[in-house]
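Per numbering that gives the first Met the number 0: the sequence shown = residues 0 to 137. Okay, structure first, notes after.
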Amino acid sequence: MVLELEGDVIKKLSFQSEKPNIRRTSSEVVKDLEEYFDTGKIDMSKYRTDLSGLTEFEKRVLKATSDIPPGKTMAYSEVAKAAGNPGAARAVGNVLAKNPFPVIIPCHRVVAKNSIGGFTGDINVKIALLKLEGAIKQ
Numbered sequence: 000m001v002l003e004l005e006g007d008v009i010k011k012l013s014f015q016s017e018k019p020n021i022r023r024t025s026s027e028v029v030k031d032l033e034e035y036f037d038t039g040k041i042d043m044s045k046y047r048t049d050l051s052g053l054t055e056f057e058k059r060v061l062k063a064t065s066d067i068p069p070g071k072t073m074a075y076s077e078v079a080k081a082a083g084n085p086g087a088a089r090a091v092g093n094v095l096a097k098n099p100f101p102v103i104i105p106c107h108r109v110v111a112k113n114s115i116g117g118f119t120g121d122i123n124v125k126i127a128l129l130k131l132e133g134a135i136k137q
């Protein structure tokens, strides 16, 4: 996992492998990420993220996604509606495919109406995160 911080603002977070290997530092976000991957119980939405360079629609999609609590899921169409653009489910999927802050902005909680939906990278990571949070059965 790669985490870029500037002060208390998260600039980027990306997976490098299925199993995160977080180097120990004194950063609160790193401690919370470690606990999240141990328990699935930490709500990471309290952290500020750098959304500069994103369109207003992209920001609304990421905000709506951030509002999904741990252990819950929403369909792409529900996120589109929450973002003020009902009918834009495919566009929501495109935004989430480029999510620069996975886990912090929990795109793994957005699913298709009748399936798990997509995920950038390995779909098994999405499934593992949803299991960790209790959104799907083990």
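Ideal Cβ positions, reconstructed from N, Cα and C, are used throughout, including at glycine.
(Q) What does the alpha-carbon distance come out to for the pair residue 133 and residue 67? (A) 14 Å
Q | Local conformation of residue 9 per DSSP, three classes | A | In the structure shown, residue 9 sits in a strand (DSSP, three-state: E or B).
Q.
Can you tell me whether residue 134 is helix, strand or coil according to DSSP?
A. The answer is coil: DSSP assigns residue 134 none of H, G, I, E or B.
Q) CA-CA distance, residue 112 and residue 121? A) 20 Å
Q) Given that a residue counts as buried once 16 or more other Cβ atoms are within 10 Å of its Cβ, and exposed if not, what is residue 88? A) buried
**Q.** Opening and closing residue of the alpha helix (DSSP H) in which residue 102 lies
**A.** Taken as a continuous stretch (DSSP letters only), residue 102 belongs to no alpha helix (DSSP H), as it is neither H nor E.
Q: Take the Cβ of residue 85 as the centre, count every other Cβ of all protein chains shown within 10 Å, and call the residue buried at 16 or more, exposed below.
A: exposed
Q: Ignore the nearest five residues each way along the sequence and tell me which others in residue 50's own chain have a CB closer than 7 Å to its CB.
A: 58 and 61
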